[in-house]
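Reminder that position 4 of the sequence shown reads as 4 in UniProt numbering, one-by-one numbering, no gaps.
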Amino acid sequence: MGSSRVGRGIGEASRARLVLGAHWGFVAFFAGLGVYHLVTVVMTALRSGRASVDPLELLDVGPVLLLAFVPGLLLGLAPLFASRRWGSGPRGDFGWLPDLRDVKVGLACGVLALLAGYLVNLVLLGIYGTDRVSGSPLTDFAEDGGSDDVVWLALAALVVVVATPMAEELLMRGALWGALEHHRIPQWVILVLTAVVFAYLHGEPTRTLALLAQGLVIGVARWRTGRVGASFVAHAANNLAPALLLFTGS
């Protein structure tokens, strides 16, 4: 199983560009991770500085919820900047805008990712129980929020389904995948490494195995087509069902 001819042709000229002796995708990847952790630390410090005051008393619940997604959304900035600076642009380097084949492959892989996550979570529930298996931040909001919070929940669901998957895919299966591919790392190794990063970024220890399984299936979409557009569709489809259930459940 390998990339299509179109996939192999994406950004061939730009993939030869080196920055500080390394492919520019590595620079974009580590810069993206650095920004992610820096913003997370700053936001955590700001919250801890108001330890005596409930942050939900200062702002409505909705804006606070959306602020939680800011670090993840910033993951895609470095790949976009690096692609424009050293590559041939996001469309040429990553193939980030889905075409018809991307949609077909992505939807198939997205459904399989949902199934894989569901099956692994069943096993985890048997091991840890419901109290120790972490849930989505949207779950608490959907359960505790009132009718006035529906708009914020809808916006949060949109971020979860569209914006966050695109940012993560640009970082992992765009910049990192392309850099590893440039150095002729075997495709199956790239698939596993990007799945590990996928699980790591979510920071949910009790769901690591489920996230790893989902990351592998989503990565297959990138492998099959050679395009980020396909893995984005798969990632979005994987996130769509939980987001819809949370929204309708509210």
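The C-beta atom is built at its ideal place from N, Cα and C for all residues, glycine as well.
Being a predicted model, the structure only gives us computed values, none of them experimental.
Counting only the Cα atoms, Y118 lies some 31 Å from L77. Between the region 189–199 and the region 92–105, the count of C-beta pairs closer than 8 Å stays below three; the two stretches do not touch.
Residue range 90–94 is occupied by the alpha helix (DSSP H) that includes P90. It is roughly 42 Å from the alpha-carbon of W223 to the alpha-carbon of S48. Proximity to A210 across T164, A234, V123 peaks at V123, based on C-alpha coordinates. According to the DSSP secondary-structure assignment, V19 is paired through a beta bridge with A22. The DSSP-derived three-state label of H183 is coil. With contacts defined by Cβ atoms closer than 7 Å, M172 and V196 do not form a contacting pair.
Taking C-alpha positions only, G229 is separated from A31 by approximately 22 Å. Taking the Cα positions, L46 is about 37 Å away from L18.
Here V151 is exposed, its C-beta having fewer than 16 other C-beta atoms within 10 Å. Rounded to the nearest angstrom, the Cβ distance from E168 to G25 is 15 Å, too far for a contact under 8 Å. Shown here, F30 sits in a helix according to DSSP, grouped into three states. In the three-state reduction of the DSSP assignment, E168 falls in the helix class. Judged by pairs of C-beta atoms under 8 Å, the region 27–41 touches the region 82–90, as three or more such pairs exist. DSSP, read as helix, strand or coil, puts A68 in coil. Shown here for A237: same chain residues with a beta carbon closer than 7 Å to its own, the five before and five after excluded, namely G106, L107, G110, V111 in chain order. In chain order, P90, L170 place their CB closer than 7 Å to the CB of L80, counting only its own chain and leaving out the 5 sequence neighbours on each side. For T225, the enclosing alpha helix (DSSP H) covers residues 208–225.
Looking from the CA of L125, the closest CA among L240, T208, T40 belongs to T208.
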